[in-house]
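Trainee: Residue numbers (the numbering used here): 735 to 892.
In structure tokens:
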């Protein structure tokens, strides 16, 4: 397989705690499923990701914590730096989102959806909100979300 035929899934995930790092790692694991032969996965923290990463990808998975009813400041910073450099070039970019929410996550969801709407990206699935106390099931749900996005990109569904 040559790189020119690969598709790239970018995971931009804010992971400030052990549990959120488990979610980020589960996202990578899902996107790296052995049956995926043409999808390359790149994982970056929001403060490390830049517009060039978005321009190089075929789909994006966003991961954030709920911070005071909003997305993480790091993810907001990523959007602030990337919005205008990518808006015209990446319309229709397939995307998905998971939110680790201690409360309800709806404010975080609305904030990210508002930016994604402005970018004209395309939701592959509704946002996944992982509410309340930590549950090991959360990692399984993020892995499934990431795998679904990666398979959709590889098969050309999105």
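Glycine residues also receive a C-beta, built at the ideal position from the N, C-alpha and C atoms.
Keep in mind it's a predicted model, so treat the numbers as computed, not measured.
Is it the case that the Cβ atoms of residue 877 and residue 797 are separated by a distance below 8 Å?
Mentor: Not closer than 8 Å, so no.
Trainee: Checking the sheet assignment: what are the DSSP bridge partners for residue 804?
Mentor: Its beta-bridge partners are 801.
Trainee: By Cβ distance below 6 Å, which residues in the same chain neighbour residue 886 in space, the five residues on each side in sequence not counted?
Mentor: Around residue 886: 858 and 892.
Trainee: Using only CA atoms, which one of 806, 829, 757 and 812 lies nearest to residue 742?
Mentor: Per the Cα distances, 829.
Trainee: Quick one: give me the first and last residue of the alpha helix (DSSP H) that residue 879 is part of.
Mentor: From DSSP, the alpha helix (DSSP H) with residue 879 extends over 871–889.
Trainee: Determine the direct distance from the alpha carbon of residue 836 to that of residue 810, and round the result to whole angstroms.
Mentor: Using only the alpha carbons, I get a separation of about 19 Å.
Trainee: Quick one: measure Cβ to Cβ for residue 842 and residue 804, integer angstroms, because I've assumed they're closer than 8 Å.
Mentor: With a Cβ gap of about 6 Å, residue 842 and residue 804 count as contacting.
Trainee: What are the start and end residues of the beta strand (DSSP E) that includes residue 828?
Mentor: 828–835 is the span of the beta strand (DSSP E), which, as asked, contains residue 828.
Trainee: Please report how far the alpha carbon of residue 852 lies from the alpha carbon of residue 755, in whole angstroms.
Mentor: Cα to Cα, residue 852 sits roughly 28 Å from residue 755.
Trainee: From residue 864 to residue 768, what does the alpha carbon distance come to, in whole angstroms?
Mentor: Whole-angstrom Cα-Cα distance: 26 Å.
Trainee: Put residue 793 into one of helix, strand or coil per three-state DSSP.
Mentor: In this structure, residue 793 counts as strand in the three-state DSSP scheme.
Trainee: Closer than 6 Å by C-beta to residue 854: which residues in its own chain qualify, once you throw out the five before and the five after it? Chain order, please.
Mentor: The residues are 825.
Trainee: Looking only at its chain, what residues have a beta carbon closer than 8 Å to the beta carbon of residue 870, apart from the 5 residues adjacent to it on each side?
Mentor: Around residue 870: no qualifying Cβ.
Trainee: Would you give the residue range spanned by the alpha helix (DSSP H) that residue 755 belongs to?
Mentor: Element bounds for residue 755: 752–765.
Trainee: Answer yes or no: do residue 794 and residue 862 have a C-beta to C-beta separation smaller than 8 Å?
Mentor: It is not a contact, given that the beta carbons lie outside the stated cut-off.
Trainee: Could you check the C-alpha separation between residue 738 and residue 802 for me, to the nearest Å?
Mentor: Only weak support exists for where residue 738 lies, its pLDDT of 48 falling under 50; the coordinates are left without a value.
Trainee: For the alpha helix (DSSP H) containing residue 821, name the first residue and the last one.
Mentor: Premise fails: residue 821 is in no alpha helix (DSSP H) and is neither H nor E.
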